[in-house]
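Residue numbers (our numbering): 8 to 205.
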Amino acid sequence: MSDELVDHKKRRILSIAATVVGGIGVAYVATPFVLSMDPSAKAQAAGAPVDVDVSKLQTGQLLTVEWRGKPIWILRRNQEMLDRMKEISSQLRDPNSDELSQQPHYAKNEYRSIKPDIMVMEGICTHLGCAPTYRPELAAADLGAEWKGGFFCPCHGSRYDLSGRVYAGVPAPSNLKVPPYRFVTDTRIMIGVDPERA
Ligand code: FES
8 MSDELVDHKK RRILSIAATV VGGIGVAYVA TPFVLSMDPS AKAQAAGAPV DVDVSKLQTG
68 QLLTVEWRGK PIWILRRNQE MLDRMKEISS QLRDPNSDEL SQQPHYAKNE YRSIKPDIMV
128 MEGICTHLGC APTYRPELAA ADLGAEWKGG FFCPCHGSRY DLSGRVYAGV PAPSNLKVPP
188 YRFVTDTRIM IGVDPERA
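Encoded structure:
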């Protein structure tokens with residue numbers, strides 16, 4: 008077989024392999040409500056900022072990326088979800104995010120975020136570090152008729168709202184942590200960098 012033919016065959020094989028990998032990626036994206044993404048293994052290992060495209064993130068969807076070995080959640084909320092959280096402020100331990108270590112100063116606001124519709128937070132329970140589960144459904148049978156959607160930690164029952172604010176009377180002592188981040192464009196977020204360092 009000539010070198011040219013061999014090269015042509017190699018290119019075809021590479022092209023098929025790329026298509027298969029692409030297919031797996033699409034399957035991930037099709038998962039309802041919770042998406043998973045692996046932006047750059049090398050960048051994660053080095054603890055570098057992680058660049059995330061949120062243009063395809065739908066209302067109510069939760070995207071998980073990894074930054075410095077931690078799961079970082081990105082949730083798109085609509086006005087109805089934001090309004091619902093106002094109703095439960097009296098049930099929360101730190102509704103105004105007064106514990107300053109739990110978020111950068113630019114996320115110390117009503118929605119704990121730079122833009123109200125995009126929430127960014129670490130997916131690590133502040134009790135003993137378990138992974139809370141995303142429970143967006145209203146009045147979930149196992150969480151009670153008053154449940155407005157949020158996060159539930161199965162290890163010891165801690166509850167958080169859709170801004171990661173912890174309920175009073177659960178083991179977790181504080182709100183979920185908000186990592187440093189900034190918007191590079193309207194639809195791209197850099198995790199690990201403060202806006203003022205842009
Ligand atoms: S680790 Fe989440 S409630 Fe204990």
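In this text, a Cβ means the ideal position worked out from N, Cα and C, and glycines have one as well.
(message) So, with DSSP's three-state summary, where would you put R91?
(response) Start at 1 with the first residue of the sequence shown, and residue 91 comes out as number 84. The answer is helix: DSSP assigns R91 an H, G or I state.
(request) Classify R189 as buried or exposed, calling it buried when 16 or more other Cβ atoms lie within 10 Å of its own Cβ. (result) Locating residue 189 in the sequence shown gives position 182, counting from the first residue. Counting Cβ neighbours within 10 Å, R189 comes out buried, since at least 16 surround it.
(request) Give the single residue among S108, Y167, R100 and P178 whose Cα lies nearest to the Cα of L135. (result) In the sequence shown, the residue the question calls residue 135 occupies position 128. For L135, the nearest C-alpha among the options comes from P178.
(request) Please report how far the alpha carbon of N182 lies from the alpha carbon of E94, in whole angstroms. (result) Locating residue 182 in the sequence shown gives position 175, counting from the first residue. Locating residue 94 in the sequence shown gives position 87, counting from the first residue. Computed Cα separation, rounded: 17 Å.
(request) Starting from the Cα of D193, find the closest Cα among A146, P161, I125 and W154 and give me that residue. (result) Counting from 1 along the sequence shown, the entry for residue 193 is found at position 186. For D193, the nearest C-alpha among the options comes from I125.
(request) Report whether the distance from the Cβ of L135 to the nearest heavy atom of the ligand FES is below 7 Å. (result) On the sequence shown, residue 135 is found 128 positions in, with the first residue counted as 1. For the ligand FES, at least one heavy atom lies less than 7 Å from the Cβ of L135.
(request) Can you check DSSP and say which residues form a bridge with L99? (result) For the purposes of this step, residue 99 is taken as residue 92 along the sequence shown, with counting starting at 1. Y174, per the DSSP bridge assignment.
(message) Please tell me whether L107 and V173 are closer than 8 Å, where the distance is taken between their beta carbons.
(response) As a working mapping, residue 107 is identified with position 100 in the sequence shown. As a working mapping, residue 173 is identified with position 166 in the sequence shown. No, Cβ-Cβ distance for L107 and V173 is not below 8 Å.
(request) Go to P78, then tell me how far its beta strand (DSSP E) extends in each direction, as first and last residue. (result) Position 71 of the sequence shown holds residue 78. Counting along the chain, the beta strand (DSSP E) containing P78 begins and ends at K77 to R83.
(message) Just checking A147 against the ligand FES - is the residue's beta carbon closer than 7 Å to any of the ligand's heavy atoms?
(response) Residue 147 sits at position 140 when you count from the first residue of the sequence shown. Every heavy atom of the ligand FES is 7 Å or more from the Cβ of A147, so no.
(request) Inspect the CB distances between the segment 76-94 and the segment 110-125 and report whether three or more fall short of 8 Å. (result) yes
(request) Return the Cβ separation of L150 and F159 in integer angstroms, given the expectation that the two are a contact with Cβ distance under 8 Å. (result) For this step, residue 150 is matched to residue 143 along the sequence shown. For this step, residue 159 is matched to residue 152 along the sequence shown. About 6 Å; that satisfies the 8 Å criterion.
(request) Identify which residue in A152, R166 and E153 has its Cα closest to the Cα of T140. (result) As a first step, residue 140 must be located in the sequence shown, where it is residue number 133. Nearest of A152, R166 and E153 to T140, Cα basis: R166.
(message) For L145 and L89, what's the separation of their Cα atoms in angstroms?
(response) Your numbering for residue 145 matches position 138 in the sequence shown. Your numbering for residue 89 matches position 82 in the sequence shown. Taking the straight line joining both Cα atoms gives about 14 Å.
(message) On the criterion of 16 or more Cβ atoms from any shown chain inside 10 Å, does P202 qualify as buried, or is it exposed?
(response) Taking the first residue of the sequence shown as position 1, residue 202 is located at position 195. Result: exposed.
(request) Compute the distance between the beta-carbons of V185 and Q109, then report whether it is under 8 Å. (result) Against the sequence shown, residue 185 aligns to sequence position 178. Against the sequence shown, residue 109 aligns to sequence position 102. Taking 8 Å as the Cβ cut-off, V185 and Q109 qualify as a contacting pair.
(request) Ignore the nearest five residues each way along the sequence and tell me which others in I31's own chain have a CB closer than 6 Å to its CB. (result) Translated into positions along the sequence shown, residue 31 becomes position 24. With a pLDDT of only 29 at I31, under 50, the local geometry of the prediction cannot be trusted, and the value read off the model is given with reservation. Same-chain partners within the cutoff: there are none.
(message) For I125, report the span of its beta strand (DSSP E) as first-last.
(response) The residue given as residue 125 occupies position 118 in the sequence shown. Segment I125 to E129, the beta strand (DSSP E) holding I125.
(message) Just to confirm the assignment, what range does the beta strand (DSSP E) spanning Y188 have?
(response) Translated into positions along the sequence shown, residue 188 becomes position 181. Y188 to T192 is the extent of the beta strand (DSSP E) around Y188.
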